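Novice: These protein sequences, in sequence, are chains A and B.
So for the first sequence, the working numbering puts the first residue at 27; every next one is plus one.
So for the second sequence, the working numbering puts the first residue at 118; every next one is plus one.
All residues carry an ideal CB built from backbone N, CA and C; glycine is no exception.
Note that the structure is a prediction, hence the values are computed from the model and not measured.
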Amino acid sequence: MKRRDFMKTSVLAALATAASSGFNLAMAQGNGIFTLAYPTSFPDLDPATSFSNDGAVLANAYEGLTRYISATETEPSRIEPLLAQSWEVSEDGLTWTFKLREGVTFHDGEALTAAAVKGSIERTRQIGGGASFIWSPVVSIEAPDAMTVVFVLSEPQPLDLIASAGFAAWIQSPASLSQDNAWFNAGNDAGTGPFRIVRYEPGQRLVMERVEGYWGNVPEGAFQTVAFEIVEDVTLIQNMLESGQADWGYSVPFENLDLMKENPDLKVVVNPSFETLFGLYNTKRAPLDNPKVRLALSMAFPYDDVIMAGTAGLGTRAKGVVPTGIWGHDADAPIPPTDLEAAAAILAEEGVSGLELVMTYSTTQEISALAGELWKANLETLGVTLTLQPMAWEAQWQMAKSDPASAQDIFVMYWWPTYVTPHDYLLSLFRSEDEPLFNLGYYSNPKFDEVLDEAARLSGVDRPKAEEMFIEAQRIVVEDAAAVFMLDRPNVHIIRSDIKGYTDNPAYGHVTFVGDMSR
Amino acid sequence: MRRVIYRLGWPGTIALLCVMGFICMALFAPWLAPYPAQGAGAPNVVAKLSPPSADYWFGTDHLGRDVLSRVIYATRISLSNGILIVGFSLLIGLPIGLAAGYFGGWVDEALMRVTDVFLAFPALLLAVLMAAAMGPGFLNSVIAVAVTWWPWYARLARAEGMVLRGQPYVEAARLAGVSHPRIILRHILPATGRPLTVQAALDVGPALLTAAALSFLGLGVLPPDADWGQMVDAGRKFFPARWWYSVAPGLTIFLVALSFSVLGDALRDRTKGPSRASA
Numbered sequence: 027m028k029r030r031d032f033m034k035t036s037v038l039a040a041l042a043t044a045a046s047s048g049f050n051l052a053m054a055q056g057n058g059i060f061t062l063a064y065p066t067s068f069p070d071l072d073p074a075t076s077f078s079n080d081g082a083v084l085a086n087a088y089e090g091l092t093r094y095i096s097a098t099e100t101e102p103s104r105i106e107p108l109l110a111q112s113w114e115v116s117e118d119g120l121t122w123t124f125k126l127r128e129g130v131t132f133h134d135g136e137a138l139t140a141a142a143v144k145g146s147i148e149r150t151r152q153i154g155g156g157a158s159f160i161w162s163p164v165v166s167i168e169a170p171d172a173m174t175v176v177f178v179l180s181e182p183q184p185l186d187l188i189a190s191a192g193f194a195a196w197i198q199s200p201a202s203l204s205q206d207n208a209w210f211n212a213g214n215d216a217g218t219g220p221f222r223i224v225r226y227e228p229g230q231r232l233v234m235e236r237v238e239g240y241w242g243n244v245p246e247g248a249f250q251t252v253a254f255e256i257v258e259d260v261t262l263i264q265n266m267l268e269s270g271q272a273d274w275g276y277s278v279p280f281e282n283l284d285l286m287k288e289n290p291d292l293k294v295v296v297n298p299s300f301e302t303l304f305g306l307y308n309t310k311r312a313p314l315d316n317p318k319v320r321l322a323l324s325m326a327f328p329y330d331d332v333i334m335a336g337t338a339g340l341g342t343r344a345k346g347v348v349p350t351g352i353w354g355h356d357a358d359a360p361i362p363p364t365d366l367e368a369a370a371a372i373l374a375e376e377g378v379s380g381l382e383l384v385m386t387y388s389t390t391q392e393i394s395a396l397a398g399e400l401w402k403a404n405l406e407t408l409g410v411t412l413t414l415q416p417m418a419w420e421a422q423w424q425m426a427k428s429d430p431a432s433a434q435d436i437f438v439m440y441w442w443p444t445y446v447t448p449h450d451y452l453l454s455l456f457r458s459e460d461e462p463l464f465n466l467g468y469y470s471n472p473k474f475d476e477v478l479d480e481a482a483r484l485s486g487v488d489r490p491k492a493e494e495m496f497i498e499a500q501r502i503v504v505e506d507a508a509a510v511f512m513l514d515r516p517n518v519h520i521i522r523s524d525i526k527g528y529t530d531n532p533a534y535g536h537v538t539f540v541g542d543m544s545r
Numbered sequence: 118m119r120r121v122i123y124r125l126g127w128p129g130t131i132a133l134l135c136v137m138g139f140i141c142m143a144l145f146a147p148w149l150a151p152y153p154a155q156g157a158g159a160p161n162v163v164a165k166l167s168p169p170s171a172d173y174w175f176g177t178d179h180l181g182r183d184v185l186s187r188v189i190y191a192t193r194i195s196l197s198n199g200i201l202i203v204g205f206s207l208l209i210g211l212p213i214g215l216a217a218g219y220f221g222g223w224v225d226e227a228l229m230r231v232t233d234v235f236l237a238f239p240a241l242l243l244a245v246l247m248a249a250a251m252g253p254g255f256l257n258s259v260i261a262v263a264v265t266w267w268p269w270y271a272r273l274a275r276a277e278g279m280v281l282r283g284q285p286y287v288e289a290a291r292l293a294g295v296s297h298p299r300i301i302l303r304h305i306l307p308a309t310g311r312p313l314t315v316q317a318a319l320d321v322g323p324a325l326l327t328a329a330a331l332s333f334l335g336l337g338v339l340p341p342d343a344d345w346g347q348m349v350d351a352g353r354k355f356f357p358a359r360w361w362y363s364v365a366p367g368l369t370i371f372l373v374a375l376s377f378s379v380l381g382d383a384l385r386d387r388t389k390g391p392s393r394a395s396a
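1. Tell me which same chain residues have a C-beta within less than 7 Å of the C-beta of glycine 145(A), skipping the five on either side of it?
2. Name the DSSP beta bridge partners of leucine 414(A), please?
3. Measuring only between beta-carbons, confirm whether alanine 159(B) sits less than 8 Å from chain A.
4. Measuring only the C-alpha atoms, how far is serine 388(A) from methionine 425(A)?
5. Can you check whether the CB of phenylalanine 193(A) is closer than 8 Å to the CB of leucine 71(A)?
6. Would you mind stating whether asparagine 321(A) and proline 363(A) have Cβ atoms separated by less than 8 Å?
7. Between which two residues does the beta strand (DSSP E) harbouring arginine 515(A) extend?
8. To the nearest angstrom, report how far apart phenylalanine 371(B) and alanine 395(A) are at their CA atoms.
9. Any idea what DSSP makes of arginine 124(B), helix, strand or coil?
10. Return the residues of the stretch 276-304 of chain A that lie within a Cβ-Cβ distance of less than 8 Å from chain B, sorted by chain order.
11. Assuming serine 523(A) contacts proline 290(A) under a Cβ cut-off of 8 Å, what Cβ separation, rounded to an integer in Å, is found between them?
12. Could you work out which residues of chain B lie near tyrosine 65(A), taking near to mean beta carbons separated by less than 9 Å?
13. Step through the CB atoms of chain B and report whether any lies within less than 8 Å of the CB of glutamate 268(A).
14. Do the CB positions of glycine 8(A) and glutamate 493(A) come within less than 8 Å of each other?
15. Cα-Cα, which of Lys165(B), Leu319(B) and Gly252(B) is closest to glycine 336(A)?
16. If you measure from the beta carbon of alanine 54(A) to each beta carbon in chain B, is any gap under 8 Å?
17. Please state whether DSSP places tyrosine 64(A) in a helix, a strand or coil.
18. Take arginine 385(B) as the anchor and find which of Val163(B), Tyr219(B), Ala317(B) and Ala150(B) has the nearest alpha-carbon.
19. On the DSSP letters alone, give me the boundaries of the beta strand (DSSP E) that serine 166(A) sits inside.
20. Considering only residues of the same chain and omitting the five flanking positions on each side of alanine 97(A), which have a CB-CB separation below 6 Å?
21. Listing by chain order, which chain A residues have their CB less than 7 Å from the CB of alanine 358(B)?
22. Quick one: Cα of aspartate 514(A) to Cα of glutamate 399(A), how far?
23. Along chain A, in chain order, which residues have C-beta atoms closer than 9 Å to that of proline 340(B)?
24. Alanine 335(A) touches chain B at which residues, Cβ-Cβ below 8 Å?
25. Between the alpha carbons of methionine 348(B) and threonine 327(B), how many angstroms are there, rounded?
26. What in chain B is Cβ-close to aspartate 331(A), meaning under 8 Å?
27. Figure out for me which residue from Trp127(B), Ala132(B) and Phe220(B) has the closest Cα to the Cα of glycine 381(B).
28. Tell me whether the stretch 174-191 of chain A and the stretch 113-124 of chain A touch, counting them as touching only if at least three CB pairs, one residue from each stretch, are closer than 8 Å.
29. Tell me, please, whether the CB atom of valine 260(A) is closer than 8 Å to any CB atom in chain B?
30. Mind checking which residues open and close the alpha helix (DSSP H) that includes alanine 312(A)?
31. Check distances from the C-beta atoms of the stretch 136-151 of chain B to those of chain A and list, in chain order, the residues that come in under 9 Å.
32. Give the single residue among Ser378(B), Arg230(B) and Leu339(B) whose Cα lies nearest to the Cα of leucine 412(A).
33. Assign glycine 419(B) to buried or exposed, taking buried as 16 or more other Cβ atoms, counted over all protein chains shown, within 10 Å of its Cβ.
34. Taking 8 Å as the cut-off, does the stretch 151-158 of chain B touch the stretch 179-199 of chain B (at least 3 CB pairs, one atom from each stretch)?
35. Could you tell me which of Gln264(A), Val130(A) and Val319(A) sits nearest to alanine 374(A), measuring between CA atoms?
36. Does the Cβ-Cβ distance between phenylalanine 254(A) and tyrosine 534(A) come in under 8 Å?
Structural data, given as structure tokens:
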């Protein structure tokens, strides 16, 4: 009896495997199907609380009021109307009025109204999870008529940018407002986007179908189905792309890209990302409290070698902490070059010798490890001993948040913004904090704080002036050598060459807007 | 030499030579490695990921360092890892096991139940937990593995202790008023030497493998030091196209673990008879 059961189970298992691989095959071969090999799973599909890779799915099912289009070589960045058709801001920057788009319906058939927008943002704020903090300057949301939403803020903030965020800014149908987190994570959605979720197997795959009567542009030959295959093994992702089982993927090691570039079936798309890697110097401890010593250490950093060895030459030299593509990026920042002789001279002049430093970084960050190794080799020639200390992120962060006197000397991490603003980088990393949170170099400069606050105040009302002041603030940090600005990480995605209409938008990390694409 | 072959047999002799070879490699790494500076960690990015060639016999790694030199330098860490783990385990396990076996009764119960607690955990899991808690580093990884390793020696030592405490010469010593610690140290410990040596030789291979596994998971030595497990891990993501990076350290692990295991087997075969006869 038992043995029969066992045989039955194994036959069933075999059938299931066969069926699922048949399913894969069908998906890969169908013309109307776009398959993404996605290296991570989707931990939270609730539009109010999602704050992770789920954006890849949600951005196809939901829409926000606006969308950020990053700067390219030819065009400056801009904010595009999405569910909002137009908007205006009062002179004091405190009242924002959005006019909604006509004729938009949610997947459940209800029409988009001002009440739905108000309800969505209020639900997000009320739950208070994920990135809901982006709405913190909002005092009240009013809906004077069915197509108008008015936001009143407590301080001037760029609400059009905030509304374009890839997290916590999705608009959901009124009927779904009372649903709980579990309902969304069971694979239900309530957005206005071009696709709806039809099938969800957590950790395995997620399938979306095109929605009839989508308000926006539907290109000729548009995809009918989007399939996310969750594949954690990067080598397997590479295989799937090469064999045509997947149309889009990322996280393939940089060193393997050359081989993929030679493949005529594949296109390797390289873009700047909004992720920048840097090391914050512990400015509270001698001799790192001396800006000249920090400058000397930064001059010993092998910028070009790290970009070459760590990113196969695809990364770019970081010009401060605000990366390319974001407004407020300072293309002419006076960043120090690699110059070991000058660095040695400065250290000698400051009377520093036999320096021993500890650099912490997260165990999962391979580029940090590589940067550390190369930096260490250069520092050794200056008589500086750098100890590399990889740690679990939580431990690394905890140690840095405790006592600056006993914490690390150099804290290495990546940073990227929740919504696209230079304020996010500069405020979190360098503005004086009584209790360190992310200013983990404990940098404190009243002049910088003042310029930054003024820039932030202006960013809602006079963006060109604000941009100037953000750049001015960042120059202070660069001149103080508060951090070593290692590199701006490239975003590399691989896509089958027969796909049309693909653009990568670094404002939405690893998100593919399949609605605009076709084969 | 002939005597060694007679005693260990051909496989055992070859294994012994291999082990001695690797120990020499560890001792004389700076002289044996073609690029000693790169072996110690100096980067050489211009040559990164070059395939095997006359200049770089095993190719180069992601920082352009000669893989052969890296493997030779890693021998120092990996071998001492294996040997230290076994050493630490003996240091903890032997006294506990002998005390339990010799005294018996509640001492035995208490000590062995503690030992059982440690045995109840899967070895690698416990080691990973320990290493994650203490942070990566050479000594930490040795301690982490040793903590999971000593119970086996405690078991073995206890069994020997139980057999030996009933021996007439031990009873005679006890009747003569010799103190317990002295009996354990002078009369019991020497007799347990042989089986434990065999076990230790057999264990260096697996201990080294476990340490390599920890390194592979990112819990081993800190860069720029390398051990074999860490090298296999670093080379893994380049694997299909740049096979040499992982294959060279991988084969080395295989060879060393095999040598220790064959050597241990040969030693056991040799000592089985006489050891029991004397006991």
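Specialist: Here's the rundown:
1. The answer, listed in chain order, is Pro200 and Leu203.
2. Answer is Met385(A).
3. yes
4. 12 Å
5. no
6. Checking the displayed sequence, the identity of residue 321(A) turns out to be leucine instead of asparagine. No, Cβ-Cβ distance for leucine 321(A) and proline 363(A) is not below 8 Å.
7. 509-522
8. 27 Å
9. helix
10. Pro279, Glu281, Asn282 and Leu285
11. 7 Å
12. Sequence inspection shows proline at residue 65(A); the tyrosine mentioned does not correspond to that position. None at all; the shortest Cβ gap to chain B is about 12 Å.
13. With 8 Å as the cut-off, glutamate 268(A) does not count as an interface residue toward chain B.
14. The requested residue 8(A) does not occur in the structure, where chain A is confined to residues 27 to 545.
15. Taking only the C-alpha atoms, the option nearest glycine 336(A) is Lys165(B).
16. Confidence is the limiting factor: at alanine 54(A) the pLDDT is only 45, short of 50, which leaves the residue's position unreliable and the question unanswerable from this model.
17. Here tyrosine 64(A) sits in strand by DSSP.
18. Ala317(B)
19. Looking at the DSSP string, the run of the beta strand (DSSP E) that includes serine 166(A) is 164-171.
20. Ser103 and Gly351
21. Asn282 and Leu285
22. 18 Å
23. Ala395, Leu396, Gly398, Glu399, Lys402, Leu414 and Pro416
24. Pro160, Val162, Lys165, His179, Leu180 and Gly181
25. Their backbone Cα atoms lie some 15 Å apart in a straight line.
26. Near aspartate 331(A) (Cβ distances below 8 Å), the residues of chain B are Pro160 and Val162.
27. Ala132(B)
28. Cβ pair count under 8 Å is three or more, so yes.
29. Answer yes: the Cβ-Cβ gap between valine 260(A) and chain B drops below 8 Å somewhere.
30. It is not in any alpha helix (DSSP H) - alanine 312(A) carries neither H nor E in the DSSP assignment.
31. none
32. That would be Leu339(B), whose Cα lies nearest to the Cα of leucine 412(A).
33. Nothing about residue 419(B) can be reported from this structure: the residues present for chain B run from 118 to 396 only.
34. yes
35. Val319(A)
36. no
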